[in-house]
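Numbering (our numbering), first residue to last: 660 to 1250.
The beta-carbon is built from N, C-alpha and C at its ideal position, and this holds for glycine as well.
Heads up, the thing below is written out as structure tokens.
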Ligand code: ADP
Ligand code: MG
């Protein structure tokens, strides 16, 4: 066929295809989730672009997905009326690895295989379009972009390093717009080509897709049909002069036919009344929307009205994905009047340190053609951001108030660093951040405490909040500066994470009590006896001079201390100098 061009896959695709075909046997059914999510993305793209280019909808305004299963031939087709692909887009999208998620999948797979683990990675990551080859040995993609006047057909097979593209010539197969995937199922996977099976999978995996998904189902309706009467009876009744009709008998039969059946719930969950949505539904929405494995730790569903109107559901994940702060996260899905706009605007809606929060935000006040530039300038977005941040804090506070202390410990372990970063980056929210911090102390070495618990535990005469920075609880415990405070039964926070001290220094105080580093030389415990000190100073001044001479430049000064009770001497930081811990940090950074 001269119309048919052959292409080679990018090397990574070959590798991925090989894995899919030969090694991934569990959880094959996710193919449907992946393909429906592509259809939904294509519809989202079209809906979004048509706001400014209404002409894109000239070939029909219906935006939907239709799935048909042919069990006799083991074929599943998935048709969407979305944006479709031009020939070049076909080459770019279905011959190369289009998204970084797939590359990450490969990396994670390699790591887990090296570690000898068999985690269910495909369920967690998905491998996008290529997951079609989990169940199919041949896939045909026929697609028509509104930007092109031709429809193209991509064809690939499971055990081949190449695919073909040709123009669609069969008039019966022409689409007004969009994409039709035809999956020729492998012998052992033909079971997926059952309408009931497809319906079940759609309900399970694509319940929260915001476009209608129809599946081709056999239906039956009852019908009254006339049946021939028993001739002898007819005669009998005919005698008493009743009408013809009365004599006829009817029978109820079930008439079978095939039709499209709406299979998903298209009302977005965030538009529903929070009182009517169960935790179960939120969790499921979260897992499906963000491709998560575990339920979230907390969620918050709210509507704001007045100056700015929007609806949102926010979630705190229960685990942290690696390199979260710096990698481009897709945590917040922004909608305008239910139209999906982008999942790339996190930075505009949330400060960086809250980038672990996931959710959807649907605004009625933003323009549909909103861009990053518009978001950055917008007063509305500034108000939204403020509200979203507050709600995020309320949600986190909620976890900390949970009866189950483990929940917050888990949160803190995963996301504590982010809140410490917040102490540095967001002065405005210090009041909200501080109560969420947790520390060990000389009175609580195994269980983290909050600043509120610290304050409650303060001695009546105690004015400040004491802390000591060290690289572990053990070394903090042995700090000589602690002795006097321990004697007085003062609680001292142990700042054992390098970021703790920076966070505390940014906060400066909590509930009008200053944070005081007990290793600084001017520590005043309010119990000085000046007379006695003067005496002792004089008595030992020669000793001090002698030690200073011996140590030379290694120390700035040698002095008599009133801070020790059993240790003979201690090295302290100068009042204006770095603490020992900060010095360690600085050294680590310059190395
Ligand atoms: P991802 O969806 O993460 O981008 P996929 O492997 O699932 O990765 O899909 C690759 C690309 O193929 C998509 O980004 C999109 O450009 C294109 N594509 C896949 N399915 C469709 C479809 N039904 N309609 C239009 N484009 C599609
Ligand atoms: Mg995809």
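Residue i, DSSP secondary structure in three states
i            : result
residue 853  : coil
residue 1152 : strand
residue 941  : helix
residue 1216 : coil
residue 836  : coil
residue 992  : strand
residue 877  : strand
residue 818  : coil
residue 622  : Examination of residue 622 is not possible in this model, given that the chain is present from 660 through 1250 alone.
residue 882  : strand
residue 1011 : helix
residue 643  : In the structure as shown, the chain starts at 660 and stops at 1250, and residue 643 therefore has no counterpart that could be examined.
residue 825  : strand
residue 1088 : helix
residue 754  : coil
residue 741  : coil
residue 1159 : helix
residue 831  : helix
residue 872  : strand
residue 986  : Low confidence applies to residue 986: its pLDDT is 48, below 50, so where it sits in the model is not reliable, and the reading given next is rough at best. DSSP places residue 986 in coil when its eight states are reduced to three.
residue 866  : coil
residue 767  : helix
residue 918  : strand
residue 1134 : helix
residue 797  : strand
residue 973  : strand
residue 1030 : coil
Other residues of its chain near residue i: CB distance less than 6 Å, five sequence neighbours each side excluded
i            : result
residue 687  : 793 and 794
residue 989  : 1002
residue 1220 : none
residue 964  : none
residue 809  : 826
residue 1044 : 1008
residue 1191 : none
residue 1199 : 1219
Chain-order list of residues whose beta-carbon lies under 8 Å from that of residue i (same chain, five-residue window excluded)
i            : result
residue 1079 : 1096, 1156, 1158, 1159, 1161 and 1162
residue 1172 : 1114, 1117, 1122, 1123 and 1124
Environment of residue i [buried if 16+ CB atoms lie within 10 Å]
i            : result
residue 747  : exposed
residue 681  : exposed
residue 811  : buried
residue 1082 : buried
residue 955  : buried
residue 830  : exposed
residue 751  : exposed
residue 874  : buried
residue 1215 : exposed
residue 678  : buried
residue 1212 : exposed
residue 854  : buried
residue 1188 : exposed
residue 693  : buried
Beta carbon of residue i nearer than 8 Å to that of residue j
i            : j            : result
residue 885  : residue 911  : no
residue 1231 : residue 1147 : no
residue 724  : residue 698  : yes
residue 741  : residue 828  : no
residue 1035 : residue 1007 : yes
residue 1084 : residue 1038 : no
residue 1300 : residue 731  : The structure shown has nothing for residue 1300, since the chain only spans 660 to 1250.
residue 1066 : residue 1055 : no
residue 823  : residue 664  : yes
residue 755  : residue 669  : yes
residue 1141 : residue 1098 : no
residue 803  : residue 843  : no
residue 922  : residue 832  : no
residue 621  : residue 707  : This structure does not reach residue 621, given that the chain is present from 660 up to 1250, and the question cannot be answered.
residue 1027 : residue 998  : yes
residue 767  : residue 852  : no
Same chain, Cβ closer than 7 Å to residue i, neighbours up to 5 away in sequence not counted
i            : result
residue 1218 : 1203
residue 1195 : 1219
residue 1093 : 1110, 1166 and 1169
residue 667  : 820 and 821
Test: residue i CB closer than 8 Å to a CB of chain B
i            : result
residue 1058 : Within the model displayed, chain B is absent; a lone protein chain is all it includes.
Those runs of the alpha helix (DSSP H) which lie wholly inside the segment 1187-1216 and span at least 4 residues = 1189-1210
inquiry  = To test your reading of the DSSP string, which unbroken beta strand (DSSP E) runs of 3 or more residues are found completely within the segment 941-967?
reply    = 957-963
ask   = Along the chain, which unbroken stretches of the alpha helix (DSSP H) at least 4 residues long are found entirely within the segment 683-734?
value = 689-709
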